[in-house]
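Worksheet: the structure to be examined is printed underneath.
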Amino acid sequence: NFDIYGLFNVLDGLGCSFRPEMMTDEFRRELLEKARSTMKDTVNRETARANVMYEYNEYQEKVKNGKDGVAKGSVNPMNFLADWPKCILAFMRMLSILRGLCVACDAEGMPILQVFSRHARE
């Protein structure tokens, strides 16, 4: 399941180790939402820009309200990860590159996970 328990169960099974002081409910929800957004079908350029601006403004608001530690920890993985398997980093980087390429080509609605699953089966 792609819920909080399911996500962290899989990450634990893959060898991810999070810093215990960062594992708040808010952090878990935020990480789940970010994980879900990376797995969604691609969007057009305008939507991608709007999403980036929204996240940037949200970060700026956290910093402005004195939640710099929370904002910093939620953005930089080095603040919340104790150990992260290289295979996960490679997969997330490939996913990011593919999503960026789809946005650059304005390939809206590209089912990213289907692209990966087809090649994984081969």
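Here the sequence shown is numbered in the working numbering, starting from 389 and rising by one per residue. The beta-carbon is built from N, C-alpha and C at its ideal position, and this holds for glycine as well.
Drop a sphere of 10 angstroms on the beta-carbon of residue i, count the other beta-carbons inside from all chains shown, and report buried for 16 or more, exposed for fewer.
| i | result |
| --- | --- |
| Phe479 | exposed |
| Cys490 | buried |
| Phe406 | buried |
| Leu477 | exposed |
| Val440 | exposed |
| Asp400 | exposed |
| Arg487 | buried |
| Leu419 | buried |
Since residue i and residue j are thought to touch, with beta carbons under 8 Å apart, how far apart are those beta carbons, to the nearest angstrom?
| i | j | result |
| --- | --- | --- |
| Leu395 | Ala423 | 6 Å |
| Met485 | Asp429 | According to the sequence shown, residue 485 is Ile rather than Met. Not confirmed; about 16 Å, so no contact. |
| Phe397 | Glu496 | Here residue 397 is Asn; the residue named in the question, Phe, does not match the sequence. Actually they are not in contact, since the Cβ atoms of Asn397 and Glu496 sit about 32 Å apart, beyond 8 Å. |
Beta strand (DSSP E) segments (min. 3 residues) lying fully within the region 394-445: none
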